[in-house]
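Okay, so here's the structure we're looking at.
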Amino acid sequence: MTAAKELLTALGVPPAAYGQGTITARSPIDGTTLGQVADAGAEGMNTAIAHAHAAFLAWREVPAPRRGELVRLFGEELRAHKSHLAALVTLEAGKITSEGLGEVQEMIDICDFAVGLSRQLHGLTIASERPGHRMMEQWHPLGVVGVISAFNFPVAVWAWNAALALVCGDSVVWKPSEKTPLTALATQALFERAVQRFGKEAPPHLSQVCNGGAATGAALVAHPQVALVSATGSTRMGRAVGPQVAARFGRCLLELGGNNAIIVAPSADLDLAVRGIVFGAWGTAGQRCTTTRRVIAHHSIHDALVERLERARASLKIGDPRQPGVLVGPLIDHAAFEAMQQALAQAREQGGHVAGGARVLGSTDPEAYYVQPALVQMPGQTAVVCQETFAPILYTLRYETLDEAIALQNAVPQGLSSAIFSNDLREAEAFLSATGSDCGIANVNIGTSGAEIGGAFGGEKETGGGRESGSDAWKNYMRRATNTVNYSRSLPLAQGVQFDV
Ligand code: UN1
């Protein structure tokens, strides 16, 4: 409690903001209560959206490079408070220290990206078929952007959305995970500081946070004035959100479950592969949507690889994520632990050989859920392997031909991230080709997690199809207008249509 209070105070959050309310923030490190936060509820959410819409109407008139200046100032606040916010991420989400810092670094990086972008929000000029005409497209601000984020990246994923939305001229309403309300309050406080420094051009309520449960989120999803709902979480959540937003013809950006595989080919550099797999599978306690959940290894190197992975697995340091040398911190809560145990039981039933997976440190930390990472050799890609379990479980499979490996990699419902370790150019390129990996992210000789913000992030199939952060993902946050201007003295019709008046 004290540590959280110190951090929140340093980050500018007054104690009253986390002194009472129905949402309890707990640290997965030891189960202690960090604070109580109020649930905005549907009413609070609707009020926030009305305010956000008014803010949007003002903000869209501020020139984009000037909007970028606000995001630049926010990036400065993040730089200045990086260690405090990172420590709070560690406390509330259970990430190891370097990953907490990495998460805040992703926020800083997307701010930098968005600042540059604020001078590059460009449309095309397109050849018109009519003489004396010019055709072009413009990108205009879209409206209120709703962001629903998950506990595992409690602040970075919001920042990917908010930094872009703000330079694009939108306002933002954020519904964070109920499991991580405090990091959201802290981020909001830093944003408010940036607004103060920026001055009056920023309307009030430009970016707001509404903590809350299902009813609060549902109000955001249902509201006709929320032009875009960007939601990160489980496929189950996306299945509920997507159709509701579609029913009101709103826009959705979904970033849902992954079931990411690494193919290890005979020519692979096994040192690299082991390093990539160990971090990808067991780092972050398996709680990234980009976590490596499957290894598909060529039969000629399978046993050697598994042996090395098992050695690495057994030597990983599990425990308090603030301690140096720890790679595997706690699972977020008891439900996550139960889900992991259930998946391991199913894996055994389906013919798997399980190493690890047991609870540890239960006697010293009875209210925290630390587990040994699990390595599970499977006889085939059974039902349990096809589902995403948000825990450090790695399934291994064998293959004979690359076609077979790619078919296995693609034969799951999710399509987020994927990788091949191979020093054979033909294999690597085949994996990246149209007939290769069907994922939104496909890598060669690096793991499945830890994507940089400069690329578009997201995936296909049950991952939801959304793309956020880099590349041209900004287009999600704007509306496109096609404009044709006639500067001639006649009115020719398109497609050569003639008519007389
Ligand atoms: C997530 O787990 O929701 O690629 C996002 C990565 C991070 C983002 C993960 N940059 O692992």
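Heads up, the working numbering is the position in the sequence shown plus 36, with the first residue counted as 1.
Yeah, the Cβ is synthetic: ideal placement off N, Cα and C, and Gly gets one too.
This one's a predicted model, so the numbers in the text were calculated from it and none came from an experiment.
For H89, the enclosing alpha helix (DSSP H) covers residues G77 to W95. In this structure, G486 has its beta carbon less than 7 angstroms from a heavy atom of the ligand UN1. Look at A186: its beta carbon is less than 7 angstroms from one of the heavy atoms in the ligand UN1.
If the five residues before and after A100 are omitted, its C-beta is found closer than 8 angstroms to the C-beta atoms of S154, R155, L157, V203, C204 and G205, all from its own chain and listed in chain order. Beta-bridge analysis with DSSP links M171 to I162 and T520. In the three-state reduction of the DSSP assignment, S336 falls in the helix class.
Per the C-alpha coordinates, the member of L527, Q450 and Q72 positioned closest to G269 is Q450. When the Cα atoms are used, A88 and L106 turn out to be separated by approximately 17 angstroms. Annotation: the continuous alpha helix (DSSP H) that includes L121 extends over K118 to A129. Under the DSSP definition of a beta bridge, G205 lacks any partner. A check of alpha carbon separations from G293 across R115, L256, N188 and G483 identifies N188 as the nearest. In this chain, the alpha helix (DSSP H) harbouring S134 covers T133 to L153.
Nearest to P50 by alpha-carbon distance, out of R103, C325, L226 and A76, is L226. I442 and I477 have their C-alpha atoms some 14 angstroms from each other. Taking a contact to require three or more Cβ pairs closer than 8 angstroms, the segment 271-282 and the segment 429-445 do not qualify as touching. Set against 7 angstroms, the gap from the CB of V98 to the closest heavy atom of the ligand UN1 is not smaller.
Per the C-alpha coordinates, the member of G392, G55 and G77 positioned closest to R349 is G392. One alpha carbon belongs to V364, the other to A321, and they sit about 5 angstroms apart. About 6 angstroms separates the Cβ atoms of S213 and P190, confirming a contact at the 8 angstroms cut-off. Ranked by Cα distance from R102, the options T126, A129, V151 and P415 are led by V151. With a cut-off of 7 angstroms, the C-beta of F457 is classified as distant from the ligand UN1, since no heavy atom of the ligand falls inside that distance. DSSP places G55 in the strand class (E or B) of the three-state scheme. The three-state secondary structure of Q450, taken from DSSP, is strand. Counting along the chain, Q224 sits inside the alpha helix (DSSP H) bounded by residues P217 to F234. Here the C-alpha atom of M171 lies approximately 21 angstroms from the C-alpha atom of L178. Cβ contact annotation for E128 (same chain, cutoff 7 angstroms, sequence separation greater than five): A61, S63, L70, P190, T216, L218 and T219, in chain order. Checking the 7 angstroms criterion, the Cβ of F110 is out of range of every heavy atom belonging to the ligand UN1. In this structure, L411 lies away from E343, with their beta-carbon atoms at least 8 angstroms apart. In this structure, R324 has its beta carbon less than 7 angstroms from a heavy atom of the ligand UN1.
Within the same chain, Cβ atoms closer than 6 angstroms to the Cβ of F373 are found at L367 and Y405, the five residues on either side in sequence being excluded. A contact is defined here as three or more CB-CB pairs under 8 angstroms, and the segment 277-293 fails this definition with respect to the segment 302-321.
Counting C-beta atoms within 10 angstroms of its own C-beta, N296 has 16 or more neighbours from the protein chains shown and is therefore classed as buried.
Judged by beta-carbon spacing, T223 lies within the 8 angstroms limit of W194, meaning their Cβ atoms are closer than that value. Check the Cα spacing between G472 and each of S454, G278, E488 and I482: the tightest is with S454.
Judged by the Cβ position, V281 fails to qualify as a neighbour of the ligand UN1 at the 7 angstroms threshold, every heavy atom of the ligand being at least this far.
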